[in-house]
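Here's the structure, in structure tokens; my notes come after.
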Amino acid sequence: MLMSHLQENIDHADVPLQILYNRTMVQVGLCAFRVGNIKESHNALLDIQSGGRAKELLAQGMMIQRNIEKTKEQELKERQRLIPFHMHINLELLECFYLVSAMLIEIPYMSSRDYETKKRLISKQFHFQLKLSEKQAVVGPPENMREHVVAAARAMRNGDWRSCLNYLINEKMNAKVWDLIPKSNNVKTMLIDKVKEETLRTYLFKYSSVYESIGIESLAEMFDLPKAQVYSSISKMIINEELMASLDEPTGVVVLHRTEPTRLQTLALQLSEKINQLMDHTERIAQLKSGDMGTSFNRNQR
Numbered sequence: 013m014l015m016s017h018l019q020e021n022i023d024h025a026d027v028p029l030q031i032l033y034n035r036t037m038v039q040v041g042l043c044a045f046r047v048g049n050i051k052e053s054h055n056a057l058l059d060i061q062s063g064g065r066a067k068e069l070l071a072q073g074m075m076i077q078r079n080i081e082k083t084k085e086q087e088l089k090e091r092q093r094l095i096p097f098h099m100h101i102n103l104e105l106l107e108c109f110y111l112v113s114a115m116l117i118e119i120p121y122m123s124s125r126d127y128e129t130k131k132r133l134i135s136k137q138f139h140f141q142l143k144l145s146e147k148q149a150v151v152g153p154p155e156n157m158r159e160h161v162v163a164a165a166r167a168m169r170n171g172d173w174r175s176c177l178n179y180l181i182n183e184k185m186n187a188k189v190w191d192l193i194p195k196s197n198n199v200k201t202m203l204i205d206k207v208k209e210e211t212l213r214t215y216l217f218k219y220s221s222v223y224e225s226i227g228i229e230s231l232a233e234m235f236d237l238p239k240a241q242v243y244s245s246i247s248k249m250i251i252n253e254e255l256m257a258s259l260d261e262p263t264g265v266v267v268l269h270r271t272e273p274t275r276l277q278t279l280a281l282q283l284s285e286k287i288n289q290l291m292d293h294t295e296r297i298a299q300l301k302s303g304d305m306g307t308s309f310n311r312n313q314r
């Protein structure tokens, strides 16, 4: 797919070829998720899921768009392009894979950038679902697939991997998503391992300022992971400069260096940045007004 460079010119291709390309990328994303390549799965499914037009892009239905009127010929052509029902890709399964992969990438990233004022969004749709849940006055038990994933994301953000897995793998989710996959037990095992590892990273990002040091063995017991895997994850975080810490191998302890700003310092930085933005905005308005007054004064002189 990459060597063909098809993705560079696909927007100018014929519609049937675009549909075939979209369906291929979706299948690549689903396959990548099943074998545990979470980032590759997210990248493959991002374009299809970001616009909310998955049904139309995969030729599995027609979308009714506001303020756009179609002629009978256009509707007929679109209907002729539709894929037969027995070849449909399950859209709920597709969205679940995308949201879960976004959760595994986004939640540790959000926790690592908690002190930053300007945050880069990796998945806008995932953030949209999170904001919808946060706006609710009372959050009840999850009912549909999206609510289960959002509840799992909130649990992961708090470092609770058991609750996160309970929301992701249960009778409802098994019936809607996981039982529809071939070799579903292997996928569940992979997902359990990924959730534990990413929740460990999130926990270290979020609560590193609380600890001066923490033992690798206690982390392994807390997240039910082998010591070697915990050691490997923390080593990668230190090498990538994501976590300011050092490993004491003889004692098996992670010594944490407090370099991140405190909550008060973070709020002060955010306040100063907002004041600077307000000052810049005020100066621009003053310049515009003075410019308008100057032009009107010149007109009156003439």
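In our numbering, the protein residues as written are 13 to 314.
Glycine included, each C-beta is placed from N, C-alpha and C at the ideal position.
This one's a predicted model, so the numbers in the text were calculated from it and none came from an experiment.
Using a Cβ-Cβ distance cut-off of 8 Å, the segment 188-199 and the segment 145-155 are not in contact, since fewer than three pairs of beta carbons, one from each stretch, lie closer than that value.
Nearest to Leu216 by alpha-carbon distance, out of Thr201, Leu203, Glu285 and Ala232, is Ala232. Between Leu57 and Val38, the C-beta spacing is below 8 Å. When C-alpha distances from Ile204 are compared across Ser220, Ser113 and Leu255, the shortest belongs to Ser113. Residue pairing from DSSP places Leu268 in a beta bridge opposite Ala257.
Rounded to the nearest angstrom, the gap between the Cα atoms of Met291 and Ser302 is 16 Å. In the DSSP assignment, Ile119 falls within the unbroken alpha helix (DSSP H) covering Leu103 to Ser124.
Residue Glu261 holds the alpha-carbon nearest to the alpha-carbon of Glu229 among Ile251, Glu261, Met99 and Ser220.
Excluding residues up to 5 positions away in sequence, Gln141, Leu142 and Ser145 lie with their Cβ nearer than 7 Å to the Cβ of Val162 in the same chain. In the displayed model, Ile134 falls within coil according to three-state DSSP, outside both helix and strand. Among the bridge pairs identified by DSSP, Ser225 is matched with Val267.
Remark: C-beta atoms of Ala66 and Leu94 do not approach each other more closely than 8 Å. In the three-state reduction of the DSSP assignment, Gln277 falls in the helix class, which pools H, G and I.
Look at Glu155 here: in three-state DSSP terms it is coil, with no helix or strand label. The distance from the Cβ of Glu254 to that of Ser124 is about 6 Å, consistent with a contact at the 8 Å cut-off.
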